[in-house]
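Peer 1: Going by the working numbering, the sequence shown runs without a break in its numbering and finishes at 1086.
Glycine included, each C-beta is placed from N, C-alpha and C at the ideal position.
Model, not experiment: these values are computed from the prediction.
Sharing a structure below in C-alpha cells format, with a few things to ask.
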Amino acid sequence: MDRREIFNILFNGSMVNVPIVPEPDPVLETPAYLRTDQAIPFFKEWTALPAEDNFSPEFSVEYAFTIMLDLNYPAKAPNQENAIVCKQFMLGIKNGHSIQAGINEQGYLFIDKVVDLRAIEKDKLLTGIQLVLAVNPLGTGMSFAKLKIMDRAGLTLSTLKSMQYATTDWAGDIKITDPDFNFLRIEGLKAVHHTDTSYPQYPYKRQDTIEIII
873 MDRREIFNIL FNGSMVNVPI VPEPDPVLET PAYLRTDQAI PFFKEWTALP AEDNFSPEFS
933 VEYAFTIMLD LNYPAKAPNQ ENAIVCKQFM LGIKNGHSIQ AGINEQGYLF IDKVVDLRAI
993 EKDKLLTGIQ LVLAVNPLGT GMSFAKLKIM DRAGLTLSTL KSMQYATTDW AGDIKITDPD
1053 FNFLRIEGLK AVHHTDTSYP QYPYKRQDTI EIII
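Structure, rendered in C-alpha cells:
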C-alpha cells in the first residue's frame, strides 16, 4: 500500500489510479555480461539549458538509469481553457530519431505512441510536478521503461510502462521541449575500461617507465 492509498483511506479521498498495465513489473535481473565492476556511478544535474540546447550525458544505456524532470506547472494552457500544457522530453536523439515521453495536452502520460488512458486532473498539477523515467535492461537486448508523474509531495499521480524499446534506442542526446524547468537530473552508471586512469583500480599516481637493461 502506497502513501496515496493510505491518505485516501484516512481522508476519504478518491481512489488511487491503477497503472494501465495490470501485470506486475518484470523481474529485473542484471544480465551476466553486465555483472562487472567496470562501471562507475554517474550523476549530473542541470538547472538551465546548455548552450547547444541538447543535453549530452555520458552514462551507459546498457545499465539501468533514471531521468527526473522537475518543473512548475501553469494553471492552464495559453488560449485553451481546458487544455493542459504539454510537457515532454526527447531521448536518444540520433539520426533524426528520438523517443518522446511526457504528459500531453489531454492530460495523459505517453511514451511515443503508448498512452495512459487515464487523464490526470489539472488541479493536481498546479503545485508543480516531476516526470520520472526509469529504464532497466532486461538482458535480451530489450529494456523495461517506467514513466511516472509525481506531485511536489512525492505522491504518484499516474504510471505508464513499456517494454518495446531496445537498450540501444535510448543512446543519444536528450532535449527538453520547454526550457522553463527547475532541474533535470540523471542517475546511472558509466562504463570504464582498464586503460581509464580514473577507474578505482588506479588509486595512486602512475610511476614513470622503468627501463631494464640486460
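Excluding the five sequence neighbours on either side, which residues of its own chain have a C-beta within less than 7 Å of the C-beta of R1024, listed in chain order?
Peer 2: The answer, listed in chain order, is T999 and G1000.
Peer 1: Of all the CB atoms in chain D, is at least one closer than 8 Å to the CB of G1060?
Peer 2: Although the question refers to chain D, the structure presented lacks it and comprises just one protein chain.
Peer 1: With DSSP run on the structure shown, which of helix, strand or coil describes D1045?
Peer 2: Here D1045 sits in strand by DSSP.
Peer 1: Identify the residues that DSSP records as bridge partners of T1028: which are they?
Peer 2: According to DSSP, which records beta bridges pairwise, T1028 is partnered with M1022.
Peer 1: Just to confirm before moving on: does the CB-CB distance between F961 and I1058 stay below 8 Å?
Peer 2: Not closer than 8 Å, so no.
Peer 1: In the DSSP assignment, the beta strand (DSSP E) including V1004 goes from what residue to what residue?
Peer 2: Here the beta strand (DSSP E) through V1004 covers I1001 to P1009.
Peer 1: Alpha carbon to alpha carbon, how far is F1053 from V1064?
Peer 2: When rounded, the distance between both Cα atoms is 31 Å.
Peer 1: For D1050, which option in H969, Q910, N926 and F915 has the closest C-alpha, if you only look at C-alpha atoms?
Peer 2: Measuring from the Cα of D1050, the nearest candidate turns out to be N926.
Peer 1: Identify the continuous beta strand (DSSP E) that holds K959 and give its terminal residues.
Peer 2: Note, K959: beta strand (DSSP E), K959 to K966.
Peer 1: The beta strand (DSSP E) that contains S970, what's its start and end?
Peer 2: Looking at the DSSP string, the run of the beta strand (DSSP E) that includes S970 is H969 to I975.
Peer 1: Kindly indicate which three-state DSSP category D988 falls into: helix, strand or coil?
Peer 2: Coil at D988, not helix or strand.
Peer 1: Under the assumption that T974 contacts D1041 (Cβ atoms under 8 Å), give the Cβ distance between them as a whole number of angstroms.
Peer 2: According to the sequence displayed, residue 974 carries Gly and not Thr. That belief does not hold up - the Cβ atoms of G974 and D1041 are roughly 17 Å apart, past 8 Å.
Peer 1: Using DSSP with H/G/I as helix, E/B as strand and the rest coil, what is D995?
Peer 2: Three-state DSSP puts D995 in a helix.
Peer 1: Is it true that the CB of V1007 sits closer than 8 Å to the CB of M1022?
Peer 2: Taking 8 Å as the Cβ cut-off, M1022 and V1007 do not qualify as a contacting pair.
Peer 1: Do T1039 and V957 have their C-beta atoms closer together than 8 Å?
Peer 2: Going by C-beta atoms, T1039 is not nearer than 8 Å to V957.
Peer 1: Does the separation of the CB atoms of T1031 and K1020 fall below 8 Å?
Peer 2: In this structure, K1020 lies closer than 8 Å to T1031 by Cβ.
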